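Notes follow the structure.
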Amino acid sequence: KGVLVFPKVFKAGFGIGGEYGEGALRIKDKTVDYYNTTAASIGFQLGGQKKTIIIAFMQEDALKKFREASGWKVGVDASVAVIAIGAGGAIDTASINEPIIAFVLDQKGLMYNLTLEGSKITKMQK
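The numbering of the sequence shown is the numbering used here, which starts it at 1 and goes up by one.
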């Protein structure tokens with residue numbers, strides 16, 4: 001129904017970390033809105049990384065609720081099933097039927113053991 005793409009999400013940390021990225025919501029091959037994503041983390045971390053996040057709204061109702069919200073926190077406002085890679089490089093397809101699914105990629109492809117829990121997504125005024 002709709003796809004939210006964050007092509008470059010940067011994460012950096014030195015004890016306390018954070019991440020930020022900007023992206024676009026596409027519906028029927030057209031960009032309809034722009035969003036940013038932010039997250040913070042505490043714990044041992046040093047360095048940085050870049051990733052791509054793709055969130056697919058598989059049901060019209062899930063897309064409508066997302067678009068009507070002023071801010072959206074993953075795990076609070078909606079559950080997002082992150083598609084993971086299993087043993088032997090197989091993709092976990094059990095979550096494909098969920099209302100909202102996400103893919104997190106780095107330069108090598110899908111990333112292992114990731115969560116979007118706690119990520120805040122906010123509509124940008126452009």
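Cβ atoms here follow ideal geometry from the backbone N, Cα and C, with glycine treated the same way.
The structure presented is a predicted model; accordingly, all values stated were derived computationally and were not measured.
{"Item": "Inter-residue spacing [alpha-carbon to alpha-carbon] between residue 106 and residue 124", "Value": "24 angstroms"}
{"Item": "Limits of the unbroken beta strand (DSSP E) element including residue 62", "Value": "Unbroken run through residue 62 is the alpha helix (DSSP H), 60 to 68; no beta strand (DSSP E)."}
{"Item": "Exposure of residue 56, with buried meaning 16 or more beta-carbon neighbours within 10 Å", "Value": "buried"}
{"Item": "Buried versus exposed call for residue 60 [16 or more other C-beta atoms within 10 Å across all chains shown]", "Value": "exposed"}
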